[in-house]
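Student: In terms of the numbering used here, the sequence shown opens at residue 5 and continues consecutively. The structure under discussion is supplied below as structure tokens; questions concerning it will follow.
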Amino acid sequence: MLGYLQGLRGAGSGPEQLPGDIYNELFADVLLAAKGNGCKTKEPDKSTGFSMLRSFDSEASNQLEPPAATDADVWIFGYGSLVWKADFPYINRRRGFVRGYKRRFYQHSIDHRGIPERPGRVVTLLPGDSGRDRVYGVAYRIAASQKGAVLDHLDYREKNGYERCSLEFHGYPTTAAGGGEPIQVIMYVATQANDSYAGDVWQVPCIAKQIFCSAGPSGPNREYLFNLAAAMEQLFPGAVDEHLEELVACVRRHIAEDEDNLMRHALLQEISGILQEEQLPEQAKQLEKLLERCQQPGGREWLLHGALQSRSES
Numbered sequence: 005m006l007g008y009l010q011g012l013r014g015a016g017s018g019p020e021q022l023p024g025d026i027y028n029e030l031f032a033d034v035l036l037a038a039k040g041n042g043c044k045t046k047e048p049d050k051s052t053g054f055s056m057l058r059s060f061d062s063e064a065s066n067q068l069e070p071p072a073a074t075d076a077d078v079w080i081f082g083y084g085s086l087v088w089k090a091d092f093p094y095i096n097r098r099r100g101f102v103r104g105y106k107r108r109f110y111q112h113s114i115d116h117r118g119i120p121e122r123p124g125r126v127v128t129l130l131p132g133d134s135g136r137d138r139v140y141g142v143a144y145r146i147a148a149s150q151k152g153a154v155l156d157h158l159d160y161r162e163k164n165g166y167e168r169c170s171l172e173f174h175g176y177p178t179t180a181a182g183g184g185e186p187i188q189v190i191m192y193v194a195t196q197a198n199d200s201y202a203g204d205v206w207q208v209p210c211i212a213k214q215i216f217c218s219a220g221p222s223g224p225n226r227e228y229l230f231n232l233a234a235a236m237e238q239l240f241p242g243a244v245d246e247h248l249e250e251l252v253a254c255v256r257r258h259i260a261e262d263e264d265n266l267m268r269h270a271l272l273q274e275i276s277g278i279l280q281e282e283q284l285p286e287q288a289k290q291l292e293k294l295l296e297r298c299q300q301p302g303g304r305e306w307l308l309h310g311a312l313q314s315r316s317e318s
């Protein structure tokens, strides 16, 4: 890096031209390349590699030898990431819904799809009309012998503001297990009393912007949104979730119209700031760190957040 900077200055690049030259040479390809890092700008087509329905219909359990079902088993209902990411042992699962609730991205995520200084957004349930409102999701049957371990795992996974509650679950009509009597399920809901509740910032454009530029240990916030939308589309064709659909459309619009320009603007600002250093070796060191950070998970979202914040302040 030091030799590269010395070469640029030796070639006569002026102070105003330097940031653009460095960006084009070192950063442009990193941001545009379709690599599995935090700065990739293109999302994979949701129709490829996400066969939720095919997997759901062909796999009754995620255990090689699941325990036999008993009357002491419990059911866990998932309406967010649990729909596609069941990282616990279950005997079987059903598609279905709970009545009288609405699914909303009203919960801040600081431990999965965001970090404390840049929270993401994830779903919780709000009371709705008992006759009209439904929230679709997946119920998992947990063996009595595995109940304690699974609930301990989920208590930790949902520790940021979620509490257990119990509700009736109704089978999705088109499944073999659909119809019939409802079953009692345990589910996790984040109430307005928890510290990570998003408060009054509920409008779809605000939530979409937050999702667009957030990432955490579990990955980009947009991945959570798109996976949930794809799962709902495949598992519950015809079911309408206007809030979810509006968010998807708004985030995809940000990606198509804003992402490239925001990232370029953010990087040019970072590069210009580094070039204010007096010593060339220190400039080279900081540019290497910037390049490395861009290639780390969350690097894209860090840049986008900074660019949006700078835009709002100007």
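Where is the CB? At the ideal position from N, CA and C, for every residue including glycine.
1. Mind the definition here: the segment 143-160 touches the segment 113-120 only if three or more C-beta pairs lie below 8 Å; say whether that holds.
2. By Cβ distance, which residues of its chain are closer than 6 Å to ALA270, with the 5 residues on each side in sequence left out?
3. If you run the structure through DSSP and keep just helix, strand and coil, what is HIS258?
4. From ARG138 to ARG99, what does the alpha carbon distance come to, in whole angstroms?
5. Just the Cα atoms here: how many angstroms apart are SER222 and GLY14?
6. Looking at C-beta atoms only, is the number of pairs between the segment 125-141 and the segment 189-209 that lie closer than 8 Å three or more?
7. Alpha carbon to alpha carbon, what distance is there between GLY11 and HIS116?
8. In whole angstroms, give me the CA-to-CA distance for GLN67 and VAL193.
9. Pick helix, strand or coil for THR45, following the three-state DSSP scheme.
10. Helix, strand or coil for HIS116, going by three-state DSSP, please let me know.
11. Which of the three DSSP states is assigned to PRO23 in this structure?
12. Taking GLN290 as part of the alpha helix (DSSP H), name the residues at either end of that continuous run.
13. What residue from LYS163, ASN225, SER149, ALA219 has the CA that sits closest to ASP75's CA?
14. From what residue to what residue does the alpha helix (DSSP H) around ARG161 run?
Tutor: For this structure:
1. No: fewer than three Cβ pairs fall under 8 Å.
2. As a working mapping, residue 270 is identified with position 266 in the sequence shown. Here the set comprises LEU307, GLY310, ALA311.
3. The residue you call residue 258 lines up with position 254 of the sequence shown. If DSSP states are grouped into helix, strand and coil, HIS258 belongs with the helices.
4. Counting from 1 along the sequence shown, the entry for residue 138 is found at position 134. Counting from 1 along the sequence shown, the entry for residue 99 is found at position 95. Looking at the two C-alpha atoms, the distance is approximately 13 Å.
5. Residue mapping note: residue 222 aligns to position 218 of the sequence shown, counting from 1. Residue mapping note: residue 14 aligns to position 10 of the sequence shown, counting from 1. Approximately 44 Å between the Cα atoms of the pair.
6. Yes: at least three Cβ pairs fall under 8 Å.
7. Numbered from its first residue, the sequence shown carries residue 116 at position 112. Numbered from its first residue, the sequence shown carries residue 11 at position 7. Whole-angstrom Cα-Cα distance: 43 Å.
8. Looking up residue 67 in the sequence shown gives position 63. Looking up residue 193 in the sequence shown gives position 189. For GLN67 and VAL193, the gap between their C-alpha atoms comes out near 27 Å.
9. To locate residue 45, count along the sequence shown from 1; it is residue 41. Confidence at THR45 is low in this model, with a pLDDT of 42, below 50, so its placement is unreliable and the value that follows should be read with caution. DSSP places THR45 in coil when its eight states are reduced to three.
10. Locating residue 116 in the sequence shown gives position 112, where the first residue counts as 1. HIS116 falls in the coil class under three-state DSSP.
11. The residue you call residue 23 lines up with position 19 of the sequence shown. Here PRO23 sits in helix by DSSP.
12. Working through the sequence shown from its first residue, we reach residue 290 at position 286. 284-298 is the extent of the alpha helix (DSSP H) around GLN290.
13. To locate residue 75, count along the sequence shown from 1; it is residue 71. The closest CA to that of ASP75, considering only LYS163, ASN225, SER149, ALA219, is found on SER149.
14. As a first step, residue 161 must be located in the sequence shown, where it is residue number 157. 151-161 is the span of the alpha helix (DSSP H), which, as asked, contains ARG161.
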